[in-house]
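Asks: My questions will all concern the structure given below.
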Amino acid sequence: MSFLRIQNLYKTFGQVAAVNRINLDIAEGEFFTMLGSSGCGKTTTLRMIGGLEKPDSGEIHLGGQCLVAPEKGLFIKPEKRNMGMVFQSYALWPHMTVFENVAYPLKLRGIKGAEASKKVEDVLALVGLAGLGERPAPALSGGQQQRVALARALVFSPRVLLLDEPLSNLDAQLREEMRRELKSLQQRVNITVIFVTHDQIEALSLSDRIAIMKFGVLEQVGTPEDVYFRPATPFVRDFLGKTFLLPGKISVSTEQTIGVSVQGSSTASLSLPRSKLIGAANGLLTVGQGVTVAIRPEQVNLTAGRQDGRANMVEATLQTVQFLGDRYEYTVTLGGETRVLASPEPQHLKSGDRVYLELKPEGMTLWPTEK
Amino acid sequence: MAKTETYDAPALTRSWLPPLDGGTAIMAALIGFMGFYVLYPLTLIVINSFNTATIAEPEVYGLDAWRKAFAEPGIWRSLLNSVKIGIVLQLVALPTGIFISWLLARTNILCANLFEFGFWLSFFMPGLACTFGWMLMLDPSTGLINSWLRQVPGLSWLNFDIYSFWGIIWVHVVSHGLSTKVMLLTPAFRRMDASMEEASRMSGASALTTLVRITVPAMTPVIIVVFLLSVIRIFSSLEIELLLGVPWGFYVYSTKIVDLARQEPPLVNQAAALGSVILIFLVAFIPIQRKLIARRQFTTITGQFKPKIIELGAWRYPATAFVGLVLFVLDVVPLLSVVGGSFMTRFGFFNLPKTWTLEYWRMALTDPRILQGLHNTLIVAVSAGLVGALFFSLIGYVLVRTKLPGRGILDSICWLPSAIPGVLSGLGLLWMFLGTPVFRPFYGTIVLLVVAQVLGGITLATQILKANFVQLGKELEESSRMSGAGFWRTYLRIVFPLMAQTMVMVAVIKFMFAAQHNGAIILLATSETRTLSLLALDQVAAGYREVASITIIMITVLTLGVAIVARSFGLKVGIRAD
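Here the protein sequences line up with chains A and B, keeping their order.
Per my numbering: the first sequence ends with 373, consecutive numbering throughout.
Per my numbering: the second sequence ends with 582, consecutive numbering throughout.
This is the structure we're talking about:
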């Protein structure tokens, strides 16, 4: 059952449609992430859920209650929505102590005295800040400020927690630490979280489901594995992780498999099951049509010699080898184009050597080329 | 052993006697000059408060001036009046200013840019124009508003008297009291991180609760700075009280000093005693003010900043109307009444056989006193603008860019004049010029007025220049030094051209300041060196209202005109709150 439902949500800034008629259903207790580069409309969507922006049209429902519907003249103010929000800048009020910051939402709800103190202490302990209540908010480190912001958003047991790039202002190490804590916190509190980020690692590691946005439109919504291994659009495929693209032509087309001859490598031909074909043009494929085979670099094995009996081998020339500590990075040329692969094991190779790339069939996807 | 000795000896002399290199010489010269310029006249005031002989007579030291000055209740009353006006003015203007700045910077009020320009206009409008414009409106017998009220049945009992305590407060609020605060606070409100307010909304607070509990408290540091800047000027105010208080025997600090110094025989020593009291107050107050202003503000500004407009909903139109009305009172009323006054046979008398006339303009444009005043004003204001911009840029540069010792002292000296009431520095300069034989020949010349007006606005000028030097990439100068240019060549060939725009801005500000403010020159000018502002004060006092309107229009055109031209050339003639 859908807990938070977004229908046909639409918002323009000037001439640009920042959010272009999107639909989403988010379940209760779900960790839902909106992922995209800046300007894709993810933050605007989040702010419309929180009531900080008004949509031009469309509706948002929470637990059966309509929050906003411009066509019906309905708009519930942010302060009436009972949602917690953590801002990118944390937005701690500098004239208040940590305790006062966290107690503020309680005060506005008429919770005072010992009850409020107890709740504040509990939530500060939950985010790992027990005993820091009397500090002035600006006197904390970045990581601590972020925890205070989280505590302030959680203290009144909101129905939904909105997180607007909360980790982006932290340094890399702290960000990883906070990421793990955020996940365990969400599991303990069991709250519905809507998380906005441009960082794919955060999105993949934290989320139950991810919505990938581009120019105000949802490109794909699915589990992290879905969007990573089974991208629905070229944008999603290229946005998440690294992809290795091999242009080619269809050489064989049967009921079960499709054969592709790789451009620039006359000997190489790939064979993959028909289910790997992306897009609606499944049945319409003809021999000779241009396609692109996509695969994650980690699904490619680099070997020195051609191994007989193995399918899906592509020949390439090694350019450079670089040692990066935990792995080796190989730059190869294939059909005149340069590609980079990584491998944890050293290979006794040098520049100019002929190498073979073994493509794992389960990692390959096939994309019809635009004409 | 011998080796160590040869090393020790020069090291020792060096630590005792710093080599007088170029930089130290510049610093010594600047501190010496500024110290003499700013501090010596003030010292003279204190010394001469213990002198019972008048200026340029052999000194006779005693406590007589102090005794006499403070035996007279009028002196105490004038001090009290200044404080009373200051407090009441802040109580009215500060909350209103905060509210309007918030409306302009944070809400979806209509015409926000136009309104902001309106406050900018009011900020640069000469105080005289506003005072006089409202005098024409609220004079108890001839004021236009009062005449109208008399004709309204049921309201004929209502009569406003601008020559009253509340009249003075009213004119203070509408002349600069409100616009100064809006000018300073609006940019600060605009830079505030919007997510602070949004976080409050998400926590469950309404827009109004957020304003009261979050926005204003978070802005407290800026508000305190603005408040202190106003408080320190309590004793500086002159023109409004001169026109609206003196006629009914209401004196404040500045007008009392002018009164004492202008009596026959002049009671300059008593004026000096009165002056010294405030100097003691300022000596205690300035360090506090500087400390508070210099203290790091809350970081309410974030990199990822989105100006978020608060929806006023149904209040949008009333709020727009409110600010529009305020600006009508601040800008339109005074300008219209001053212009109208100059074309009417008798201002406010619409039923005379000949209501409108060009006679006063014809008189004014051929009046040698007005032409002389214009001439004097231009000399004083242009000199103050040019000298100020060139000289203070050097000071600003030395303060920001060099590591020379003594920068703290120089900076403190530059802060002082902002707190010294103009009348007081005028009194000090008067003593300096009359009491020092070398300077005496300059007395009665316009040089005196230039000297006095260059000093005015020095704090603002150095602060603006310093802020801009800080922003100027240091590498530009360093590469000049690496290319082989020395301090002066770098300053003249690199810094100077890069700073040209800022310096024009400082020159414009100083020009306007010199053309408008009378405090520092009122005791120094003679009938030959009188500027337009001083002339207007005399004309109003003598009751030549229609001619005074014309003089005031000329001042307004000069100052507001320059400001508008400068603005249209892209010079943001404003004040930074940080």
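We treat Cβ as the ideally placed atom computed from N, Cα and C, and that holds for glycine.
Which bits of chain B does ARG111(A) rub up against, with CB to CB less than 7 angstroms?
Replies: Here the neighbours are GLY208.
Asks: Enumerated in chain order, which unbroken segments of the beta strand (DSSP E) with a length of 3 residues or greater are wholly contained in the region 319-361 of chain A?
Replies: With a minimum length of 3 residues, the continuous beta strand (DSSP E) runs that stay inside the region 319-361 of chain A are 330-336, 339-345, 356-361.
Asks: With 7 angstroms as the C-beta to C-beta threshold (strictly closer), list the residues of the region 215-226 of chain B near chain A in chain order.
Replies: Of all residues in the region 215-226 of chain B, ILE218, PRO221, ALA222, THR224 have a Cβ within less than 7 angstroms of some Cβ in chain A.
Asks: How would you list, in chain order, the residues of chain B whose beta-carbon sits under 7 angstroms from the beta-carbon of PHE34(A)?
Replies: Those within 7 angstroms of PHE34(A) in chain B number zero; the least Cβ separation is about 18 angstroms.
Asks: Please classify TRP106(B) as buried or exposed, where buried requires at least 16 other C-beta atoms within 10 Å of its C-beta.
Replies: That one is buried.
Asks: When you compare each of ALA313(A), THR305(A), SER273(A) to THR294(A) by their alpha carbons, which one comes out closest?
Replies: It is SER273(A).
Asks: For the candidate residues LEU336(A), LEU76(A), LEU343(A), whose alpha-carbon lies nearest to that of ARG329(A)?
Replies: When only C-alpha atoms are compared, the closest one is LEU343(A).
Asks: Taking the alpha-carbon of TRP138(B) as reference, which of SER151(B), SER86(B), VAL42(B), VAL337(B) has the nearest alpha-carbon?
Replies: Ranking the options by Cα distance to TRP138(B), first place goes to VAL337(B).
Asks: Could you give the distance in angstroms between the alpha-carbon of GLY208(B) and the alpha-carbon of VAL220(B)?
Replies: Going by the C-alpha atoms only, they are around 18 angstroms apart.
Asks: Using Cβ-Cβ distances below 7 angstroms, what residues of the region 85-108 of chain A are close to chain B?
Replies: Result list: MET85, GLY86, MET87, PHE89, GLN90, SER91, ALA93, TRP95, PRO96, HIS97, TYR106, PRO107.
Asks: Thinking C-alpha only, which one of LEU95(B), GLY432(B), THR466(B), ALA471(B) is nearest LEU528(B)?
Replies: Ranking LEU95(B), GLY432(B), THR466(B), ALA471(B) by Cα distance to LEU528(B) puts GLY432(B) first.
Asks: Residue ranges of each alpha helix (DSSP H) run of no fewer than 4 residues wholly in the region 162-228 of chain A, ordered along the chain?
Replies: Counting only runs of 4 or more, we get 174-191, 202-208.
Asks: The region 128-158 of chain A: which residues have C-beta closer than 8 angstroms to a C-beta of chain E, in chain order?
Replies: In summary, chain E is missing from the structure at hand, where the protein chains are A and B.
Asks: Can you list the residues of chain B that PRO80(A) reaches, using a CB-CB cut of under 7 angstroms?
Replies: Correct list: ARG205, MET206.
Asks: GLY66(A) CB to nearest chain B CB: under 7 angstroms?
Replies: Chain B, which has no Cβ nearer than 7 angstroms to the Cβ of GLY66(A), makes this no.
Asks: DSSP has ALA69(B) in a bridge; who is on the other side?
Replies: Answer is none; ALA69(B) lacks a bridge partner.
Asks: Just curious, the alpha helix (DSSP H) that PHE127(B) is in, first and last residue?
Replies: Counting along the chain, the alpha helix (DSSP H) containing PHE127(B) begins and ends at 116-128.
Asks: Taking the C-alpha atoms as reference points, what is the distance between PHE302(B) and LEU94(A)?
Replies: Reliability fails at PHE302(B), whose pLDDT of 41 lies under 50, so the model's placement of it is uncertain and the value that follows must be treated cautiously. Using only the alpha carbons, I get a separation of about 11 angstroms.
Asks: Does the distance from the C-beta atom of PRO57(A) to that of LYS109(A) stay below 7 angstroms?
Replies: Against a cut-off of 7 angstroms, the Cβ pair of LYS109(A) and PRO57(A) comes out as no contact.
Asks: Taking C-beta to C-beta, are SER258(B) and VAL427(B) nearer than 7 angstroms?
Replies: Yes.
Asks: Since LYS514(B) is in the beta strand (DSSP E), which residue starts that stretch and which ends it?
Replies: Note, LYS514(B): premise wrong, no beta strand (DSSP E); alpha helix (DSSP H) at 504-520.
Asks: Starting from the C-beta of LEU562(B), find all residues in its chain whose C-beta is less than 6 angstroms away, skip the five residues before and the five after it, and write them out in chain order.
Replies: Counting only Cβ-Cβ distances below 6 angstroms, and skipping sequence neighbours, we find ALA519.
Asks: Using a threshold of 6 angstroms, is the CB atom of ARG312(A) nearer than that to any non-hydrogen atom of the ligand SAH?
Replies: Judged by which ligands are present, the structure shown has none, so any question about the ligand SAH falls away.
Asks: Could you pull out every residue in the same chain whose Cβ sits closer than 6 angstroms to the Cβ of ARG154(B), ignoring the five residues on either side in sequence?
Replies: Correct list, in chain order: SER160.
Asks: In this structure, how does DSSP classify ALA93(A) when only helix, strand and coil are distinguished?
Replies: The answer is coil: DSSP assigns ALA93(A) none of H, G, I, E or B.
Asks: Quick one: what's MET303(A) bridged to in DSSP?
Replies: A small fix is needed here, since residue 303(A) is Asn in this sequence, not Met. DSSP lists GLU360(A) as partners of ASN303(A).
Asks: List the residues that DSSP assigns as beta-bridge partners of MET87(A).
Replies: Per DSSP, LEU164(A).
Asks: Taking C-beta pairs closer than 9 angstroms, name the residues in chain A that ASP197(B) reaches, listed in chain order.
Replies: Per Cβ cutoff of 9 angstroms: PHE89, SER91, ALA93.
Asks: At what residue ranges does the region 186-238 of chain B contain a whole run of the alpha helix (DSSP H), taking only runs of 4 or more?
Replies: DSSP runs (the alpha helix (DSSP H)) wholly in the region 186-238 of chain B: 198-207, 211-214, 224-235.
Asks: Within the chosen definition, does the region 377-389 of chain B reach the region 532-550 of chain B through at least 3 CB pairs nearer than 8 angstroms?
Replies: Touching, yes, given that three or more Cβ pairs across the two stretches are closer than 8 angstroms.
Asks: So with Cβ pairs under 7 angstroms, would you call LEU54(A) a contact of chain B?
Replies: Chain B contact via Cβ: present.
Asks: Which residues bound the alpha helix (DSSP H) around GLN467(B)?
Replies: Where GLN467(B) is concerned, the enclosing alpha helix (DSSP H) stretches over 462-475.
Asks: Taking C-alpha atoms, which residue in ASP355(A), PRO236(A), GLU178(A), GLN9(A) lies nearest to GLU73(A)?
Replies: Closest option to GLU73(A), Cα to Cα, is GLN9(A).
Asks: Starting from the beta carbon of MET200(B), find every residue of chain A whose beta carbon is closer than 7 angstroms, and list them in chain order.
Replies: Result: ALA93, TRP95.
Asks: Around the Cβ of GLU245(B), are there at least 16 other Cβ atoms within 10 angstroms (buried) or fewer (exposed)?
Replies: Counting Cβ neighbours within 10 Å, GLU245(B) comes out buried, since at least 16 surround it.
Asks: When the Cα atoms are used, what is the spatial distance from ILE113(A) to VAL216(B)?
Replies: Looking at the two C-alpha atoms, the distance is approximately 20 angstroms.
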